[in-house]
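Residue numbers (this note's numbering): 7 to 202. In this text, a Cβ means the ideal position worked out from N, Cα and C, and glycines have one as well.
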Amino acid sequence: MESILLDLPDQIETERLLIRVPRPGDGQAIFEAVKESHPRLKPWFPWAQKVSSREEYEIHMRKQHANFLLKTDMMLLLFLKETGKLIGSSGLHPRGWEVPKFEIGYWIRTGYEGKGYVIEAVEGITRFGFETVGAKRIMIRCDERNIRSQSVAKRAGYLYEGMFRNYEPRWDGDGLTNMMYFAMTETDYNLKTLTN
Numbered sequence: 007m008e009s010i011l012l013d014l015p016d017q018i019e020t021e022r023l024l025i026r027v028p029r030p031g032d033g034q035a036i037f038e039a040v041k042e043s044h045p046r047l048k049p050w051f052p053w054a055q056k057v058s059s060r061e062e063y064e065i066h067m068r069k070q071h072a073n074f075l076l077k078t079d080m081m082l083l084l085f086l087k088e089t090g091k092l093i094g095s096s097g098l099h100p101r102g103w104e105v106p107k108f109e110i111g112y113w114i115r116t117g118y119e120g121k122g123y124v125i126e127a128v129e130g131i132t133r134f135g136f137e138t139v140g141a142k143r144i145m146i147r148c149d150e151r152n153i154r155s156q157s158v159a160k161r162a163g164y165l166y167e168g169m170f171r172n173y174e175p176r177w178d179g180d181g182l183t184n185m186m187y188f189a190m191t192e193t194d195y196n197l198k199t200l201t202n
């Protein structure tokens, strides 16, 4: 089946989060979240080297909405159910549809760290990936210096597969990254759900 023909829900819910695809009008909220969190995001993400304008974020949200329809990317925004506030972003990014494999990335807004929102989002997106999208493999990668990101991957049950040394320039200009790879296969996921 062509990936574009997959009819996927554009939102999922966890206990405390509404996780959904960007929509027209989301540019302002993501602009505010990135601007507020910029110093913490800059070392880890190429797109966080500068804070784009509200208009640029609105354009990006609209493009990401289109990408979801085309199944070329699945960016997801994290909202608190209780207040509707945008507290971060994640995604289930396709890395090949022949054998359905994906990458999960994530960041959380300043002030919302350490409350379990990222692990909750990753577990919900992982469930969505395997049970709804039909993933055979989902991976998480992070700079070896990003201890919090490593912790999320491990706590979510992803297995450490290895490190690509001197993988790419660090975004803060401080040398090269050593990129750590974690993954979960469909078999891993099924075993995990049986034992929980």
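| Query | Result |
| --- | --- |
| Inter-stretch contact at 8 Å, needing at least 3 Cβ pairs: the stretch 49-68 / the stretch 98-110 | no |
| T132, enclosing alpha helix (DSSP H) - first and last residue | 123-134 |
| Neighbour-count burial assignment, F74, 16 or more Cβ in a 10 Å radius | buried |
| Assigned secondary structure, M80 (DSSP; H/G/I helix, E/B strand, else coil) | coil |
| I146 vs I110 beta-carbon contact at 9 Å | yes |
| Cutoff 9 Å: R176 Cβ touching any chain D Cβ | The structure shown contains no chain D; it is built from a single protein chain. |
| The beta strand (DSSP E) enclosing R161, as first and last residue numbers | Per DSSP, R161 belongs to no beta strand (DSSP E); it is in the alpha helix (DSSP H), 153-161. |
| Assigned secondary structure, P49 (DSSP; H/G/I helix, E/B strand, else coil) | coil |
| Option nearest E167 by Cα separation, candidates L86, S9, S43, C148 | C148 |
| E42 vs R154 beta-carbon contact at 9 Å | no |
| Distance, F136 Cα to V128 Cα | 12 Å |
| Buried versus exposed call for Q17 [16 or more other C-beta atoms within 10 Å across all chains shown] | exposed |
| Span separating the alpha-carbon of E62 from that of M186 | 31 Å |
| Continuous alpha helix (DSSP H) stretch holding D13: start and end | Per DSSP, D13 belongs to no alpha helix (DSSP H) and is neither H nor E. |
| Beta bridge counterpart(s) of T191 as assigned by DSSP | R143 |
| Euclidean distance between Cα positions of Q156 and F170 | 15 Å |
| Endpoints, beta strand (DSSP E) assigned at R167 | First, the amino acid is wrong: residue 167 is Glu here, not Arg. Element bounds for E167: 165-170. |
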